[in-house]
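A short write-up of the structure that comes next.
There are 2 protein chains.
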Amino acid sequence: MTRHDSHYEEGTRAEREGPERASVSKAVEDYLKAIYKLQRAGQVVTTSAIAERLAVAPPSVTNMIKRLARMNLVRHTPYRGVELTPAGEKMALEIIRHHRLLERYLAEALGVPIDQIHDEAERLEHVLSEELEERMDALLGYPATDPHGDPIPTKEGVVATREYQSLLNLTPCQRAVIRRVSDEDPDVLRNLARLGLLPEATIHVLRLEAEEGQIVVEVGDTEHLLPLALASAVYVEPCTA
Amino acid sequence: MTRHDSHYEEGTRAEREGPERASVSKAVEDYLKAIYKLQRAGQVVTTSAIAERLAVAPPSVTNMIKRLARMNLVRHTPYRGVELTPAGEKMALEIIRHHRLLERYLAEALGVPIDQIHDEAERLEHVLSEELEERMDALLGYPATDPHGDPIPTKEGVVATREYQSLLNLTPCQRAVIRRVSDEDPDVLRNLARLGLLPEATIHVLRLEAEEGQIVVEVGDTEHLLPLALASAVYVEPCTA
DNA sequence: CGGATAATTTAGATGGCTCTAATTTTCTGT
DNA sequence: ACAGAAAATTAGAGCCATCTAAATTATCCG
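Which chain is which? The protein sequence lines are A and B, in order. Quick note on numbering: the first sequence equals residues 0 to 240 in numbering that gives the first Met the number 0. Quick note on numbering: the second sequence equals residues 0 to 240 in numbering that gives the first Met the number 0.
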């Protein structure tokens, strides 16, 4: 009866919270990741925030929250919001690690354009084995960040968080190294890539255009007028020289 | 209301049989693949054969068959068995293409041992985008077979089927090139790999041991006594010299 | 050819994840 | 401090994919 081995992998096993290996559905992983990111962005994580992030109706969230609470991945105070337990946070970080490692791999090994890697990784992250994770990690030389500049959590769940300042804060004549670009909007990302405005690039602020925070920057040998939408997606570390 | 975009992707859309793009659940893909393989292995595809292959109870199969029939992926004659429609076969071949391309990629680009590639590919095949498929294909130089020697269907759904004879049919002193190894049993595969008995290897049959079809073969410079379990998993093309 | 056996299907249930509509609770502004 | 608005939850439903138990249909053999 090999039949009974494979069908109850999704969730049921995790409920008796064995320390074994938590096989969990894609939906659960998506919720954990969303909660983690909202939590990290400050304040309490509300039902509606999760709903919006996952493009799901609020009652679906309430429903899932209850399941997550039963699995001890989340602590829920009704009407008050939700908080990851250590177990939940660990799981969230594993998924984020998968995601960011995949992004790096897709960009580096397969040459996938940076504005597409997010969506690809989004689908792959749920089926990446530890074995493959390890192989990709080694092949890439154990990278610390993904192509957007976001830190890749370690296998132990440690995230090297660093805050960078917005490109918008720079003043004319300053030089800076791009450290992170927002991965929110693929369009923005595609345009940044076209202009060479990606992490590790050095830029030189030439001047500010009066209206609406537009900035003229020099990258390599060419100068570009950056609209607000682009400039606000770029985070930099000013050169101290 | 971006909310309504993403939730009805699994199956529901395919039911109104648009010629657009069939987003289909993992389960549907698994059934199609199973039916394809059983169909190809000859005879009528029965409910119980599918059930056994997928390690699922027969009523689950009946249930899914009805859904597949509604989607026009399968023709079902109650109590008589099932047959893929052209649309169903095309879809099955796409998945098999994904699977075999992934196997090749995992082996070649990531160095995953041959006895593990099947299970990895099994999970990845359902989330591989056309974009990534194309990139992997190009990177590998458009390979014709997977590491077990099974043909990779083209994007158009053409499979270059070739029949090879079993190693067991060879007679002493014959030389042959291994063309295919069965991917059924990972253990067998691991042992074959350990002995260098993989596709493209040239072997030399030294003699047959009396009992139970054991065979002594030379691979490279060393000779091995192959138990039946191993020998029967190897398919060869005899050298015509 | 007809009854026993095997295969298939129907019936009915469950769990996961989603939805809308209705209700309850919390927040907020005057 | 309270009424109206906003947020969260409950209620009730549906689809997918699975299960077990029971009924039906096909097959096979004496």
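Backbone N, C-alpha and C fix where the C-beta goes; we use that ideal spot for every residue, glycine too.
Q.
Rounded to the nearest angstrom, what separates A:R189 and A:V111 at their Cα positions?
A. For the purposes of this step, residue 189 of chain A is taken as the residue at position 190 of the first sequence. For the purposes of this step, residue 111 of chain A is taken as the residue at position 112 of the first sequence. Near 12 Å, if we compare the C-alpha coordinates of A:V111 and A:R189.
Q) At what residue ranges does the segment 81-117 of chain B contain a whole run of the alpha helix (DSSP H), taking only runs of 4 or more? A) 85-109
Q) So with Cβ pairs under 9 Å, would you call B:M115 a contact of chain A? A) Your numbering for residue 115 of chain B matches position 116 in the second sequence. Per the sequence shown, the amino acid found at residue 115 of chain B is Gln instead of Met. Chain A contact via Cβ: present.
Q. From which residue to which residue does the alpha helix (DSSP H) around B:R66 run?
A. For the purposes of this step, residue 66 of chain B is taken as residue 67 along the second sequence, with counting starting at 1. First-last of the alpha helix (DSSP H) with B:R66: P57 to R69.
Q: State the beta-bridge partners of B:A175 as determined by DSSP.
A: On the second sequence, residue 175 of chain B is found 176 positions in, with the first residue counted as 1. B:A175 pairs with B:I202 and B:P237.
**Q.** DSSP three-state assignment for A:T45, whether helix, strand or coil
**A.** Residue mapping note: residue 45 of chain A aligns to position 46 of the first sequence, counting from 1. Three-state result, A:T45: coil.
(Q) With three or more C-beta pairs closer than 8 Å as the rule, is the segment 135-149 of chain A touching the segment 102-110 of chain A? (A) yes
Q: May I ask which residues mark the beginning and end of the beta strand (DSSP E) holding A:L225?
A: Here residue 225 of chain A is taken as the residue at index 226 of the first sequence, counted from 1. It spans T221 to L225 - the beta strand (DSSP E) in which A:L225 sits, taken as one unbroken run.
**Q.** Buried versus exposed, by CB contacts within 10 Å (16 or more), B:E129
**A.** Taking the first residue of the second sequence as 1, we reach residue 129 of chain B at position 130. Exposed is the call here.
(Q) Here's a check: name, in chain order, each residue in its chain whose Cβ is nearer than 7 Å to the Cβ of B:L101, leaving out the five neighbours to either side. (A) Mapped onto the second sequence, residue 101 of chain B falls at position 102. Once the five neighbours on either side are set aside, the close Cβ partners of B:L101 are A120, L123, E124 and L127.
Q) According to DSSP, is B:H147 helix, strand or coil? A) Looking up residue 147 of chain B in the second sequence gives position 148. Note: B:H147 maps to coil in three-state DSSP.
Q | With 16 other Cβ atoms within 10 Å as the buried cut-off, status of A:G80 | A | By 1-based counting over the first sequence, the position of residue 80 of chain A is 81. Buried.
Q: For the beta strand (DSSP E) containing B:R74, list its first residue and its last residue.
A: For the purposes of this step, residue 74 of chain B is taken as the residue at position 75 of the second sequence. Where B:R74 is concerned, the enclosing beta strand (DSSP E) stretches over V73 to T76.
Q | Any chain A beta carbon closer than 9 Å to B:V187 | A | Indexing the second sequence from 1 puts residue 187 of chain B at position 188. B:V187 does not count as touching chain A.
Q.
Between A:I151 and A:R96, how many whole angstroms is the CB-CB distance? I'm expecting something under 8 Å.
A. Here residue 151 of chain A refers to the residue found at position 152 when the first sequence is read from its first residue. Here residue 96 of chain A refers to the residue found at position 97 when the first sequence is read from its first residue. Their Cβ separation, rounded to whole angstroms, is 6 Å, which keeps A:I151 and A:R96 in contact under 8 Å.
Q) Which partner residues does A:S265 have in the DSSP bridge list? A) Any answer about residue 265 of chain A is impossible in this case: the structure gives chain A only from 0 up to 240.
Q: With a cut-off of 8 Å on the beta carbons, I'd call A:I64 and A:V55 a contact; round off their distance for me.
A: Here residue 64 of chain A is taken as the residue at index 65 of the first sequence, counted from 1. Here residue 55 of chain A is taken as the residue at index 56 of the first sequence, counted from 1. Incorrect: roughly 12 Å between the Cβ atoms, too far for contact.
**Q.** Boundaries (first-last residue) of the alpha helix (DSSP H) holding B:V27
**A.** Reading the second sequence from its first residue, position 28 is the one you call residue 27 of chain B. That run of the alpha helix (DSSP H) goes K25 to R39.
(Q) Am I right that A:L167 and A:A175 are in contact with their C-beta atoms under 8 Å? What's the rounded C-beta distance? (A) For the purposes of this step, residue 167 of chain A is taken as residue 168 along the first sequence, with counting starting at 1. For the purposes of this step, residue 175 of chain A is taken as residue 176 along the first sequence, with counting starting at 1. Incorrect: roughly 12 Å between the Cβ atoms, too far for contact.
Q: For the segment 120-136 of chain A, enumerate the residues whose C-beta is nearer than 8 Å to any C-beta of chain B, in chain order.
A: R122, L123, H125, V126, S128, E130, L131, R134 and M135
Q: Could you check what DSSP says for B:L207 in three-state terms: helix, strand or coil?
A: What you label residue 207 of chain B is simply residue 208 of the second sequence in a count that begins at 1. Three-state result, B:L207: strand.
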